[in-house]
Amino acid sequence: MSLNFNLSIDEYHAMAPVSKSQLDALELSPFIFYARHRDPKRPAPVAKTGQLEGSLAHCAILEPSEFGERYAIGPTVNRNTNIWKEFVKSLPAGITAIQEDQCEVAMRQAESVRALPEIGEALTSGKPEVSAFWTGPETGVSCRCRPDWVNDCGEAGDILLDVKTYSIASPNEFRRQVARKRYDVQAAFYSDGYAAASGRPVLGFVFVAVETEWPYAANAFMLDEESLESGRQKYLKNLRTYAECERTSTWPGYSTGIDIIRLPQWALITEE
């Protein structure tokens with residue numbers, strides 16, 4: 043059980059211990075988990091749409107002093123032009139080319155987040171991108187997580203922050219995102235795991251949502267205890283599944299038969 047403050051994001055993602063995104067794959071099926079995360083023949087990961095913009099926002103919010111070291115603003119031209127391609131080729135290794143509008147959006151997002159009083163204060167003390175490693179006490183499974191920000195609250199413990207970029211940061215919309223993307227699992231998995239890895243109490247797990255379009259409004263959320271406990275039960279179930287699959291060296295997929303399914307209630311038209 044340990045913390046690492048110096049791992050790059052690529053080094054972290056290449057490591058074997060189970061992460062929250064891997065738990066999500068296990069929830070789909072053990073076969074999908076194995077195919078995506080353990081199969082030696084799996085294809086290299088492909089960058090997702092919006093991934094760069096999310097990275098820009100994270101850097102501007104959490105590590106503003108690093109922004110100029112990681113990104114270089116290029117000419118305002120089409121990215122298919124030779125001018126842009128030559129600019130990209132001229133950059134040192136490790137520097138990503140961006141355009142002025144991308145930089146502007148990230149800076150506005152950072153301003154909105156830091157304007158939230160409690161979040162702005164939390165970001166004045168702490169560390170970004172802390173990698174935590176621990177062993178699940180019930181299953182013996184090696185696990186990992188990487189909070190976006192760890193706010194040191196002295197002897198009392200730590201508060202974990204996670205930045206989410208999304209189109210709408212309203213409470214009602216974010217509640218739906220929590221359910222759809224299993225953010226309750228993330229909050230519980232990170233809180234329990236970081237506490238085990240650090241030996242310090244986790245006082246809270248805060249989601250910081252910032253919008254991707256003007257005026258880049260920001261909002262902060264914590265889950266209630268019932269929601270956190272629901273996430274905890276979900277991740278424990280996933281870890282038990284992983285432990286059993288690893289023990290038996292079997293990674294089952296979806297049902298091998300024909301499933302009978304029913305429309306959601308809202309989609310059904312029944313005879314009156």
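Quick note, my numbering runs 42 ahead of the 1-based positions in the sequence shown.
Glycine included, each C-beta is placed from N, C-alpha and C at the ideal position.
Keep in mind the model is a prediction, meaning the values are calculated, not measured.
query                                                                                                           : result
Selected residue, minimal CA-CA separation from T207, among D200, P189, F249                                    : F249
Pair within 8 Å by beta-carbon distance, F129 and G110                                                          : no
Where L49 sits in the DSSP three-state scheme                                                                   : coil
Exposure of E180, with buried meaning 16 or more beta-carbon neighbours within 10 Å                             : exposed
In chain order, each beta strand (DSSP E) run of at least 3 residues that lies wholly inside the segment 94-176 : 113-115, 138-140
Contact under 8 Å by Cβ, L65 with F231                                                                          : yes
Buried/exposed call for D204, threshold 16 Cβ in 10 Å                                                           : buried
Per DSSP, cross-strand counterpart(s) of G246                                                                   : I201
DSSP three-state assignment for I81, whether helix, strand or coil                                              : For the sequence presented, residue 81 should be read as Asp rather than Ile. Residue state, collapsed to three classes: coil.
Delimiting residues of the beta strand (DSSP E) encompassing D194                                               : 191-194
Beta-carbon spacing of I201, G246 below 8 Å                                                                     : yes
Which of helix, strand or coil DSSP assigns to A259                                                             : coil
Straight-line Cα distance separating A259 from S209                                                             : 10 Å
Cβ-Cβ distance between R186 and S61 below 8 Å                                                                   : yes
Beta-carbon spacing of D226, L265 below 8 Å                                                                     : yes
The beta strand (DSSP E) enclosing R304, as first and last residue numbers                                      : Element bounds for R304: n/a, residue is neither H nor E.
Three-state class that DSSP yields for E271 in the structure shown                                              : helix
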